[in-house]
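Heads up: the structure comes next, in structure tokens.
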Amino acid sequence: MRKLNGKSGCAVEVTLSVMGGTWKPIILFHLLRGRMRFSELGRAIPSVTQRMLTLQLRELEAAGIVTRTVYPEVPPRVEYELTPLGRSLQPVLVALRDWGQAYAEGAAAAPQAPAA
Numbered sequence: 001m002r003k004l005n006g007k008s009g010c011a012v013e014v015t016l017s018v019m020g021g022t023w024k025p026i027i028l029f030h031l032l033r034g035r036m037r038f039s040e041l042g043r044a045i046p047s048v049t050q051r052m053l054t055l056q057l058r059e060l061e062a063a064g065i066v067t068r069t070v071y072p073e074v075p076p077r078v079e080y081e082l083t084p085l086g087r088s089l090q091p092v093l094v095a096l097r098d099w100g101q102a103y104a105e106g107a108a109a110a111p112q113a114p115a116a
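In full-length UniProt numbering, the protein residues as written are 1 to 116.
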């Protein structure tokens, strides 16, 4: 695991450097359900490219958030799951989901301002 030195000294910056971005929180949220194969993650997140999914999983693995298990089969089977440290992000991920749902519902119910 690499040592993170935040520029601002804020712990939120450290958290975002580990799990921030477009794809990492989504990958982590899907892995809350349990161990998943690479292809399952790809199907669960159809808009992510294979290359980006691979890069993001490697970064999460390097941070100690995800473990990667390769089974000696032909074709090789690779599974990903959250480490205990990764599982500790569950309250953060659930809070992000809940906030997003509430925001989407509020935005849909909010009256639209007339165009100027």
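Every residue gets a Cβ at the ideal spot worked out from N, C-alpha and C, and that includes glycine.
Open item on the list: Between which residues of its own chain and Arg35 is the CB-CB distance below 6 Å, once the five residues before and five after are set aside?
Closed with: Glu79, Glu81
Task: Span of the beta strand (DSSP E), counted from its first residue to its last, around Arg77 - done: 77 to 82
Open item on the list: On the DSSP letters alone, give me the boundaries of the beta strand (DSSP E) that Arg68 sits inside.
Closed with: 66 to 71
Open item on the list: What does the alpha-carbon distance come out to for the pair Ser39 and Pro111?
Closed with: In a straight line, the C-alpha of Ser39 is about 41 Å away from that of Pro111.
- [ ] Flag this pair as touching only if the segment 58 to 65 and the segment 98 to 110 have three or more C-beta atom pairs under 8 Å; answer yes or no.
- [x] no
- [ ] Could you tell me which residues DSSP pairs with Met36 in its beta bridges?
- [x] Tyr80
- [ ] Would you kindly work out how many angstroms separate the C-alpha atoms of Leu60 and Ala108, rounded to a whole number?
- [x] 34 Å
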